[in-house]
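Colleague:
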Amino acid sequence: MGISQEWYIQEIEDSEEEKFHRPLNEEQLFFHAVSSGDIDFVRENCKQKRFADTEGVGILSHDPITNLKYHFVITTAFITRLCIESGMEMEQAFRLSDFYILRLDNLHTCQAVISLHDHMVLDFTGKMRILTRSLRMSKPVTICIDYIYAHIKERITIENLAAYTGLSASYLSRLFKKETGVSVSDYVREKKIEKAQHLLKFCDYSLVEISNYLSFSSQSHFIQLFKDFTGITPKKYRNLYSSSDWDVTDLKNVKE
């Protein structure tokens, strides 16, 4: 049987079984959400497990894991190019794409692929969120955000940032809150908690080690702030979200 004949038979079978793909606008909404940094939309999509839902998507392999992996690669390729078009530095986007696609080789369950997908889309979305916000911000605030990102392990104060930007602390404080919607101290705490979430998920360091690494005043202070931001304790978060597929054994290798 030739390829053309196989395709014709497959087309008839799909029509009889009423196999139809999802509307394009659903995919477009999702990809736009990622490339525009709409973190809430993307989180909700992950929560609804749309990537894992096989209803309305093409069957690219009869092996469920391989099928998911093929869809993962396609999704990553689309997202990478859309993010580049939306302003992400090309080399960063391609390196991020390569990083996640290479991880597929070590995954052997559908759930592991789904978890990697969710992490990948949220990673791209988070980076686009920062990028789109920075495009609307003044240079001093953008410099502050870059400084906070690079020095997240350290104790960061408005005085540090004022000295770094050459502005007065009071002026910079007002400018930062006006453009970001939050105070410098709240922003720093939020970024430290996000970093702590990554460490809890991807490494086996103790709470006191993570607390010290991120320069919290004490372990109890870290635990309280973590609960304030996430609604659960660090220990419960680790139990819920840690994955053996993403074991990081050396704190020095964690991206800073």
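Per my numbering, the sequence shown runs over residues 416 to 671. Glycine is no exception: its CB is placed at the ideal position from the N, C-alpha and C atoms. Quantities reported herein were computed from a predicted structural model and do not represent experimental measurements.
Would you mind sorting Gly-646 into buried or exposed? The rule is 16 or more other CB atoms within 10 Å of its CB.
Modeller: Exposed, since its Cβ has fewer than 16 Cβ neighbours within 10 Å.
Colleague: Grab me the residues of Leu-376's own chain with a C-beta within less than 8 Å of its C-beta, minus the 5 sequence neighbours each way, in chain order.
Modeller: Residue numbering for the chain in the displayed model covers 416 to 671; residue 376 lies beyond these limits and cannot be assessed.
Colleague: Ends of the alpha helix (DSSP H) at His-486?
Modeller: It spans 479-500 - the alpha helix (DSSP H) in which His-486 sits, taken as one unbroken run.
Colleague: Helix, strand or coil, according to DSSP, for Leu-622 in the structure here?
Modeller: Note: Leu-622 maps to helix in three-state DSSP.
Colleague: Taking the alpha carbon of Glu-609 as the point to measure from, which residue in Ile-567, Ser-501, Ile-494 and Val-599 has its own alpha carbon closest?
Modeller: Nearest C-alpha to Glu-609: Ile-567.
Colleague: Determine whether the Cβ of Phe-644 lies closer than 7 Å to any Cβ atom of chain D.
Modeller: No chain D is present in this structure, which holds just one protein chain.
Colleague: Anyone know if the C-beta pair for Arg-518 and Leu-531 falls short of 7 Å?
Modeller: Yes. Within cutoff.
Colleague: How many Å lie between Glu-441 and Thr-557 at the Cα?
Modeller: Rounded to whole angstroms, Glu-441 to Thr-557 spans 33 Å at the Cα level.
Colleague: Relative to the alpha-carbon of Gly-672, which residue among Asn-521, Met-535, Glu-500 and Arg-544 has its alpha-carbon at the smallest distance?
Modeller: What is shown of the chain runs 416 to 671, which leaves residue 672 out entirely.
Colleague: Taking the straight line between their C-alpha atoms, what separation do you get for Leu-444 and Phe-456?
Modeller: Distance between the alpha carbons of Leu-444 and Phe-456 is about 9 Å.
Colleague: Rounded to the nearest angstrom, what separates Ser-585 and Tyr-652 at their Cα positions?
Modeller: Going by the C-alpha atoms only, they are around 36 Å apart.
Colleague: Can the beta-carbon of Ile-573 be found closer than 7 Å to that of Ser-588?
Modeller: Yes. Within cutoff.
Colleague: Give the straight-line distance between the Cα atoms of Leu-655 and Ser-600, rounded to the nearest whole angstrom.
Modeller: Approximately 28 Å between the Cα atoms of the pair.
Colleague: Mind checking Lys-462: buried by the 16 CB within 10 Å criterion, or exposed?
Modeller: Answer is exposed; the Cβ neighbour count stays below 16.
Colleague: Label Ala-527 either buried or exposed according to how many other C-beta atoms from any shown protein chain fall within 10 Å of its C-beta, with 16 as the threshold for buried.
Modeller: So Ala-527 counts as buried.
Colleague: Are the CB atoms of Met-552 and Glu-594 nearer to each other than 7 Å?
Modeller: Contact flag set, yes.
Colleague: Just checking Arg-465 against the ligand MN - is the residue's beta carbon closer than 6 Å to any of the ligand's heavy atoms?
Modeller: No copy of the ligand MN appears in this structure; indeed no ligand is present at all.
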